[in-house]
Amino acid sequence: MQTLAATEGSFSLLTEIRQMREQLAEINTKTEEMKAKMEEMNAQTEELGQSFLNNRQRTFTTWVRDALDKGTTRRLEDIQRPTEDFIYNGDIRCDARLVTQRYEKNGTAWRRFSTLYGLNPNDFKNLDRNKCCGSLQALDRAADVLFKHAWTRLPTKAMEKEREDLVAMLLEEEYEEAENMSSALFCEEYLSEAEVSSNTAEMLDIDDGSGKKDT
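Structure representation (structure tokens):
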């Protein structure tokens with residue numbers, strides 16, 4: 174009886190081991206399937222990211238050409254590269270990635286990033302971006318103006334000063350103060366008033382630091 178019980182116990186143990194192996198094999202199969210899907214999703218995400226960077230590079234290059242009268246052959250090729258969309262607005266997050274990934278450090282593109290956003294890509298990288306979303310949106314809105322008109326400066330000295338103050342707060346990690354300040358900066362109503370002031374100054378031939386091309 175003891176021998177029979179031991180034999181039955183052994184068979185039961187072997188059955189459990191076999192079932193565990195089957196379950197483990199099934200888990201491994203599902204893991205491999207999930208891994209393959211993740212790799213596919215990562216590839217698609219990277220493809221979309223590169224496509225968006227292509228759009229941003231085209232926008233960035235067009236602004237350099239038009240604002241600075243620097244229409245080199247390389248820039249013309251970048252602009253003419255086929256893309257589905259053309260984005261004329263500011264996007265500091267994407268442009269920081271664009272400049273750091275595709276341009277030589279401290280080169281022309283890095284300097285022009287500072288022209289557009291008031292700080293360099295390294296400064297942007299060091300910000301706690303979760304604490305200054307509104308401020309970054311304000312910098313995007315200011316860059317909108319430069320992209321739209323192919324300018325290298327904002328329309329008024331007051332706007333330039335406000336952007337400088339906002340950037341200074343960010344660099345000093347005064348995020349709460351920056352967020353409070355940025356909420357009304359460079360919004361549609363604000364920009365409309367600035368445009369009226371700029372047009373009035375132009376009619377009166379007053380040098381107000383308007384965002385014309387550098388010479």
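Going from the sequence shown to this note's numbering is simple: count from 1 and add 173.
Note that beta-carbon positions come from the ideal geometry of N, C-alpha and C, so glycine has one too.
The structure displayed is predicted, hence computed values, not measured ones.
In terms of CA proximity to Gly307, Glu349 leads the group Asn227, Arg194, Glu349.
One alpha carbon belongs to Glu219, the other to Asn227, and they sit about 12 Å apart. With contact defined as three or more Cβ pairs closer than 8 Å, the stretch 298-317 and the stretch 259-277 are in contact. As the crow flies, the alpha-carbon of Ala323 is around 31 Å from that of Glu347.
Boundaries of the alpha helix (DSSP H) around Phe320: 306-322. Secondary structure of Gly263 (DSSP, three-state): coil. In the three-state DSSP reduction, Thr325 falls in the coil class, being neither helix nor strand.
The stretch 275-293 and the stretch 225-241 touch, with no fewer than 3 CB-CB distances between them shorter than 8 Å.
Counting C-beta pairs closer than 8 Å gives three or more between the stretch 327-340 and the stretch 285-294, which meets the contact rule. Across the structure, Asp301 and Glu199 are spaced so that their CA atoms are roughly 43 Å apart. By the CB criterion at 8 Å, Phe359 and Ala311 fall inside the cutoff. Ranking Asn353, Met193, Arg238 by CA distance to the CA of Thr325 puts Arg238 first. Boundaries of the alpha helix (DSSP H) around Arg336: 330-344.
Here Leu309 is buried: its Cβ has 16 or more other Cβ atoms, across all protein chains shown, within 10 Å. The C-beta distance from Trp236 to Phe297 rounds to 18 Å, too long to fall under 8 Å, and the pair is not in contact. Take Pro294, set aside five residues on each side of it, and the residues of its chain with a beta-carbon closer than 7 Å to its own are Ala269, Val272, Thr273, Trp283, Phe286, in chain order. Just so you know, the alpha carbons of Leu186 and Gln196 end up roughly 15 Å apart.
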